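One line per chain: the protein sequences are P and C, in this order. Note that the working numbering numbers the first sequence so that position 199 is 199, with each residue one more than the last. Just add 1000 to the spot in the second sequence (first one is 1) and you have the working numbering. What follows is a short report on a single structure.
Number of protein chains: 2
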Amino acid sequence: MKVAILGAGAMGSALTIPYSEKNEVVLWGTEYDVPILEKIRRGEKHPRIDERVAVNDILNPDELDKALNADILVIAVSTEGVMPIFEQISDSLKDQVIITLAKGFIDEGEILTIPQAIWHERKDLKRNIAAITGPSIAKEVAKKLPTHVVYSSLGDRTLKVVKEYLETDYYRISLTHDIVGCETASALKNVYSIAIAWIRGIESRKGNVTMNNLKGIIVTQALREIGTLVRANGGKTETVYDLTGIGDLIATFRGGRNGMLGELLGKGYDIDSALKELERRGVGVVEGYVNAERAYRLAETLDHKGKLKMEELPLLEGINDVLYNGKDAEEVIHDLF
Amino acid sequence: MKVAILGAGAMGSALTIPYSEKNEVVLWGTEYDVPILEKIRRGEKHPRIDERVAVNDILNPDELDKALNADILVIAVSTEGVMPIFEQISDSLKDQVIITLAKGFIDEGEILTIPQAIWHERKDLKRNIAAITGPSIAKEVAKKLPTHVVYSSLGDRTLKVVKEYLETDYYRISLTHDIVGCETASALKNVYSIAIAWIRGIESRKGNVTMNNLKGIIVTQALREIGTLVRANGGKTETVYDLTGIGDLIATFRGGRNGMLGELLGKGYDIDSALKELERRGVGVVEGYVNAERAYRLAETLDHKGKLKMEELPLLEGINDVLYNGKDAEEVIHDLF
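This is the structure in structure tokens:
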């Protein structure tokens, strides 16, 4: 098969490695990716995955059309970039498999998962879209370390294709139809990761005590609330308690940008100084921050529709209070507890 | 109420602190506890919790009878010690609440949880027994850091008593009737923690790569199998996906004796050299090791009864192979994956 990966960030670039085992792979970069494309062309390692990508061709920002004759198109940009890219390619799409991997919500007046936002534009593509969720840190995928992810799609042919052509012995793929549940859970994972990381900050604020009991409480509560939101949004409980929910949480909850933001908030930074500090450190977009407000609005909508009650989501309420209402993280934890 | 804690180890001693908020507490020590009892009498901190215990009286090994006039008796010895202590007190028991906190299985020909083993001896006490599960590292309980545990019992009066007299604002208590599920899950958590810790060992064997994706996979699989075993043993799925299962796993999976044993096995030690190394480091009984063989036998029994199939438990099979059949942990992970 021909696979085109749209976006040369960490995950898109890492996927060239398993995908090239059975397929011809091209990597297209956005304007932001130009310095990376140049490195790749010079045969250097990709700086964010510390490995060389495995591609048959590299395409510049102005060569997007050349990517579109692929059988499988992977939209590998961050949540904010997905719909702008999709608008550009939408008219040329026929029956390709389209894979999305950003973990966030899209605001189209109502709060949608990424596949829902695409269906909104092109209902006829409903069965062509697959989403990747589960524990997959890009660097580890690139190093061929054991990884097992979930590809979800409403289309049986789509699931068959991704399993047959994209699975390798180090990059294992499970399949499910619960694409809305997978995408809801993985977007929420980023949001709740912020609160889980508060505890690290609180520990250091208190002079490096360890508060593992509290970590157990907060992770359990996060998973309860993710379960509530996933079910209310039409997804399945088992998605939360498998690779997509727990698996991803375990793989990522000690690191990442959401974790850095959460830790600063736990230390007592207010949101503005925390974001400034991350900027100073050169940390880019914090997906969990952008998505927390959307998660909260999704919850409110689901409450209005009678699908859940906001009182079932005290931790989400607390996250919203810390990120948008100037409340202190330790105080939120105290009230919650 | 009068509370008697039988066993002056880390957890029993830590519990004196929340328990003494509303009750009169006495702490009885076994022969193994004599040096600790002496320290406590001299007003020193308990070495394993780094805090002073909060007690009205300290009882020596030969003063067990003095403890038995309590309203609440806490059997706070390790799994192996529970039944010997119970035999000693059984004849004097009337209508006390009896609390057990060891996390293991008991071998009475068939493999039983601790409450089941006690019921086996004294059916009339079925509703008097409560078990403590969930994330509770003793040191953190002793330091009054936020802790939320689960007390399970078949007896409503028992649940009412523990909630009313033992809960404090830093030591929160949830209640459930699923005592068999709680005890099965928490005993299994120790067993599966060994396998989760293999990965740390494998990471260092491979030159300190990080394998967080693999951690996500193994924790997810561990919880799946714990769920299968809990259901087959008569417990509830939600017990696994709440404080007792996930919460405890999150609080403890990076530390503890099970983790130390698992890490050595992951590094490539065989079981004999790993146990010798732990002995050299002065590490006591590894509950997960003792219980792994019992967990495996429980699984086989449940298979024979048609309640589950051994094929559903590949990780337990792998743990058994590493601990008892000389197989290498990395090879097991490879086969599993």
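Think of the CB as a built atom: it goes at the ideal place given N, C-alpha and C, for glycine as much as any other residue. Keep in mind it's a predicted model, so treat the numbers as computed, not measured.
{"query": "C-beta neighbour in chain C for N258(P), strict 8 angstroms", "result": "no"}
{"query": "Coarse secondary structure for L6(P), derived from DSSP in three states", "result": "strand"}
{"query": "Identity of the residue in E1108(C), L1159(C), A1054(C), I1137(C) nearest I217(P) by Cα", "result": "I1137(C)"}
{"query": "Three-way DSSP call (helix, strand, coil) for L68(P) in this model", "result": "coil"}
{"query": "Neighbour list for R172(P) in chain C, Cβ cutoff strictly below 8 angstroms", "result": "F1337"}
{"query": "DSSP-derived helix/strand/coil call for R1294(C)", "result": "helix"}
{"query": "Chain P contact for D1248(C) (CB, 8 angstroms cutoff)", "result": "yes"}
{"query": "Contact check, N415(P) vs E1140(C), beta carbons under 8 angstroms", "result": "Past the edges of chain P, shown from 1 to 337, lies residue 415(P), and the structure says nothing about it."}
{"query": "is_contact[A1216(C), chain P] using C-beta, thresh 8 angstroms", "result": "One detail in the question is off: residue 1216(C) reads as Gly in this sequence, not Ala. So, interface residue."}
{"query": "Contact with chain P by I1017(C), beta-carbon distance below 8 angstroms", "result": "no"}
{"query": "Contact list for I1137(C) against chain P, beta-carbon separation under 7 angstroms", "result": "N212, N213"}
{"query": "Meets three-Cβ-pair contact criterion under 8 angstroms: the region 314-321 of chain P and the region 116-124 of chain P", "result": "no"}
{"query": "Closest residue to Y269(P) among Y151(P), P84(P), L6(P), E331(P) (Cα-Cα distance)", "result": "E331(P)"}
{"query": "Meets three-Cβ-pair contact criterion under 8 angstroms: the region 223-238 of chain P and the region 1004-1022 of chain C", "result": "no"}
{"query": "In chain order, each beta strand (DSSP E) run of at least 3 residues that lies wholly inside the region 174-209 of chain P", "result": "none"}
{"query": "CA-to-CA distance, I1271(C) to G1029(C), given in whole angstroms", "result": "32 angstroms"}
{"query": "Proximal residues, the region 122-154 of chain P versus chain C, C-beta separation under 9 angstroms", "result": "G134, P135, S136, I137, K139, E140, V141, K143, L145, P146, T147, H148, V149"}
{"query": "Contacts of L1223(C) in chain P (Cβ-Cβ under 8 angstroms)", "result": "Y241, I246"}
{"query": "Nearest-angstrom beta carbon gap, A1076(C) and I1129(C) [assumed within contact, 8 angstroms]", "result": "14 angstroms between Cβ atoms; not a contact."}
{"query": "Cross-strand partners of L1027(C) (DSSP beta bridge)", "result": "I1005(C), I1058(C)"}
{"query": "Buried or exposed by the 16-neighbour rule on C-beta atoms within 10 Å, applied to S153(P)", "result": "buried"}
{"query": "R1280(C) in three-state terms, based on DSSP", "result": "helix"}
{"query": "Q1088(C) burial status per 10 Å Cβ neighbour count (16 or more: buried)", "result": "exposed"}
{"query": "Spatial distance of L302(P) from G81(P) (CA atoms)", "result": "26 angstroms"}
{"query": "Run of the beta strand (DSSP E) containing A1130(C), from where it starts to where it stops", "result": "1129-1133"}
{"query": "Proximal residues, the region 1181-1209 of chain C versus chain P, C-beta separation under 7 angstroms", "result": "V1209"}
{"query": "Range covered by the beta strand (DSSP E) that runs through V149(P)", "result": "147-153"}
{"query": "Whole-Å CB distance - R200(P) paired with G155(P), under 8 angstroms assumed", "result": "That pair is no contact at about 41 angstroms."}
{"query": "Closer than 8 angstroms to chain P by CB, V1219(C)", "result": "yes"}
{"query": "Three-way DSSP call (helix, strand, coil) for T317(P) in this model", "result": "According to the sequence shown, residue 317(P) is Glu rather than Thr. The answer is helix: DSSP assigns E317(P) an H, G or I state."}
{"query": "Sequence-distant residues of the same chain with beta carbon closer than 7 angstroms to T1210(C), five excluded per side", "result": "E1203"}
{"query": "Where I337(P) sits in the DSSP three-state scheme", "result": "The sequence as given places Phe at residue 337(P); Ile does not occur at that position. Note: F337(P) maps to coil in three-state DSSP."}
{"query": "Coil, strand or helix - F1105(C) by DSSP", "result": "strand"}
{"query": "For R172(P), three-class secondary structure by DSSP", "result": "strand"}
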